[in-house]
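Read the structure below first, then the notes.
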Amino acid sequence: MSKTPQAIRGTQDIFGVDAEAFAFVVETFERVRRLYRFRRVEMPVFEKTEVFSRAIGETTDVVAKEMYSFEDRGGESLTLRPEFTAGIARAFLTNGWQQHAPLKLATHGPLFRYERPQKGRYRQFHQIDAEIIGAAEPQADVELLAMADQVIRELGIEGVTLHLNTLGDGDSREAWRAALVEHFRAVKDELSEDSQERLEKNPLRILDSKDPRDKRLVADAPKIDAYLSDDARAFFDAVTSGLDAAGVKWQRAESLVRGLDYYRHTAFEFIPDEGSEAAGKLGSQSTILGGGRYDGLMESLGGAPTPAVGWAAGIERLAMLVGEKDEGELQVAVVAEHSRVEKDASRLTSLLRSKMIVADMFVTGSPRKRYGRAVKANPMIIVSLDYRDDDLHQSWRIERPIESDELHEIMATFTLTGDT
RNA sequence: GCGAUCGUAGCUCAGUUGGUUAGAGCGCCGGUUUGUGGUACCGGAGGUCGCGGGUUCGAACCCCGUCGAUCGCCCCA
99 MSKTPQAIRG TQDIFGVDAE AFAFVVETFE RVRRLYRFRR VEMPVFEKTE
149 VFSRAIGETT DVVAKEMYSF EDRGGESLTL RPEFTAGIAR AFLTNGWQQH
199 APLKLATHGP LFRYERPQKG RYRQFHQIDA EIIGAAEPQA DVELLAMADQ
249 VIRELGIEGV TLHLNTLGDG DSREAWRAAL VEHFRAVKDE LSEDSQERLE
299 KNPLRILDSK DPRDKRLVAD APKIDAYLSD DARAFFDAVT SGLDAAGVKW
349 QRAESLVRGL DYYRHTAFEF IPDEGSEAAG KLGSQSTILG GGRYDGLMES
399 LGGAPTPAVG WAAGIERLAM LVGEKDEGEL QVAVVAEHSR VEKDASRLTS
449 LLRSKMIVAD MFVTGSPRKR YGRAVKANPM IIVSLDYRDD DLHQSWRIER
499 PIESDELHEI MATFTLTGDT
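Residue 196 in my numbering is what sits at position 98 of the first sequence, and the numbering runs on without skipping anything.
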């Protein structure tokens, strides 16, 4: 026998109760997005590499090292999507979806990032995603966040809080950034080694460093609020008051930033509260939903300036928090205790299923052990079909009653034939 | 890219300071109790001990490498 190939590192085969939890997340998302009239969109799993490299920024590490890129037979560089937003932005431009603006879109599916797997982090993972494109007003942010909040509540997830920040408009953001660099440069020697590195490459990231040495210095770092333009401040005030009006709980997170430059104004993450059960289940990958406003993205793909805001959430991480979902109760187990009644068992099972009654049959393996297997499946009703002493026998045992007239009618009228 | 821990049957795991033919439970297959039933009993299949090399009279056990898993760091679209 030849050796069985192994699965690709960082991929998962999701099965049983885990797959049920996964499906529950997706079904809940689908239900909620309809409530908010987000329109369903199906996107390709791969795009020209350029779609992502231009959207995300050519020089960043994520583009350089963490994408699944390859050449197709025509020599074109393609990339398995590492996020939804860039592909959706490309579709918005190439399909003329401007005509539908403002456009509320929702999708879900697999994404690919070439990273080291760990808890809640895989190379092929799955997200739900919501975007509002072509809406510059803060009410769009509010609606998007209200939807996110409702998804999480409908999933029954507790102990998770919306952390909210503003990065201001382009000018605010640059002024703040310059002030941060100045502040940290003055105390460079006291920063962690990693943050000394960040100071050159991505100074905003120092703000959410886990190192205690950095945390102390972050505490008295300049705040974005001091650098906000009047417009940016008004925008953020409108978002927060809108959230209050919509009954969405939130907390200000002055250190919350985004890794990419195209973000403006609103930035947010839903994060488990410290010490909560949810935090324990997630390990160090703690953000379960994140997003923000990306008004600059369309231009980087060659389109007209188009305001947009969106979020995405990891299905696997959400599934870890929703608890066990069972695979659905077996209502009727049909047991053929003799080969003469196997066809009858099959006929009865089909009949039940055609009436939307959940049924399974037990007709394989040794006849004397079939009943035991049926019992183990924990059905509400066990129907035994048998042939002994030259006679056909039919009986049922009710473990837990089913309210169904159709079931009783089927059982009353079903007759064994013994045909083989 | 870096670090720590771990790889023994389909699954969960034992396996003594290195010492005969590597074990258990569950699951699977077969049989006994000729039974209205989840039990019990008997038997069976299934393992190159992740892979490769080394040390040794002798390695599941010690050493090196490699692959994989898990968790953390970096990064996080």
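In this text, a Cβ means the ideal position worked out from N, Cα and C, and glycines have one as well.
It should be emphasised that the depicted structure is a prediction, and the values quoted were computed from it without experimental measurement.
Item: Member of GLU280, ARG451 and LEU416 whose CA lies at the smallest distance from the CA of LEU387; Value: LEU416
Item: ASP318, buried or exposed, once every other Cβ within 10 Å from all chains shown has been counted against 16; Value: exposed
Item: Whole-Å CB distance - ALA153 paired with ALA184, under 8 angstroms assumed; Value: 4 angstroms
Item: Coarse secondary structure for ALA233, derived from DSSP in three states; Value: coil
Item: C-alpha distance - SER327 paired with PHE333, whole-angstrom precision; Value: 10 angstroms
Item: Among THR158, PRO301 and GLU169, the one whose alpha carbon lies nearest that of PRO320; Value: PRO301
Item: Residues near TYR220 in its chain [Cβ-Cβ closer than 8 angstroms; skip 5 each side]; Value: GLY108, THR109, GLN110 and GLU414
Item: Distance, VAL481 Cα to VAL433 Cα; Value: 6 angstroms
Item: Same chain, Cβ closer than 8 angstroms to LYS441, five either side skipped, listed in chain order; Value: THR515, ASP517 and THR518
Item: For SER482: DSSP bridge partner residues; Value: VAL433 and SER493
Item: Element boundaries [alpha helix (DSSP H), containing LYS441]; Value: 440–452
Item: Close-in-space but distant-in-sequence residues of the same chain around VAL337 (CB under 7 angstroms, 5 per side omitted); Value: PRO236, ASP239, VAL240 and THR364
Item: Under the three-state DSSP convention, the category LYS474 falls into; Value: helix
Item: Beta carbon of LEU428 nearer than 8 angstroms to that of PHE512; Value: no
Item: Whole runs of the alpha helix (DSSP H) within the region 278–364, excluding any shorter than 4 residues; Value: 291–299, 310–317 and 328–344
Item: Beta-carbon proximity list for SER398, same chain, < 7 angstroms, skipping 5 on both sides; Value: ARG152, ALA153 and TYR360
Item: Nearest-angstrom Cα separation, counted from GLN248 out to ILE140; Value: Residue identity check: residue 140 is Glu in the sequence provided, not Ile. Rounded to whole angstroms, GLU140 to GLN248 spans 23 angstroms at the Cα level.
Item: Integer Cβ distance of PHE144 from LEU178, believed to fall under 8 angstroms; Value: 5 angstroms
Item: Nonlocal neighbours in the same chain, by C-beta distance under 6 angstroms from ARG498, ignoring five residues either side; Value: MET478
Item: Through-space distance from LEU297 to ASP312, alpha-carbon basis; Value: 12 angstroms
Item: Residues of its chain near GLU375, where Cβ-Cβ distance is below 8 angstroms and the 5 sequence neighbours each way are ignored; Value: GLU256 and GLY257
Item: When ALA431, ASP487 and GLN492 are compared against VAL461, the one with the closest alpha-carbon; Value: ALA431
Item: Euclidean distance between Cα positions of LEU305 and GLU252; Value: 32 angstroms
Item: Neighbour-count burial assignment, ASN476, 16 or more Cβ in a 10 Å radius; Value: exposed
Item: Exposure label - ASP287; buried when at least 16 CB within 10 Å; Value: exposed
Item: Chain-order list of residues whose beta-carbon lies under 6 angstroms from that of GLU504 (same chain, five-residue window excluded); Value: LYS453
Item: Straight-line Cα distance separating ILE369 from PHE127; Value: 18 angstroms
Item: DSSP-derived helix/strand/coil call for ALA187; Value: helix
Item: One or two residues paired with GLY388 in a DSSP bridge; Value: GLU367 and ALA410
Item: Delimiting residues of the beta strand (DSSP E) encompassing LEU399; Value: Careful: LEU399 lies outside any beta strand (DSSP E) and carries neither H nor E.
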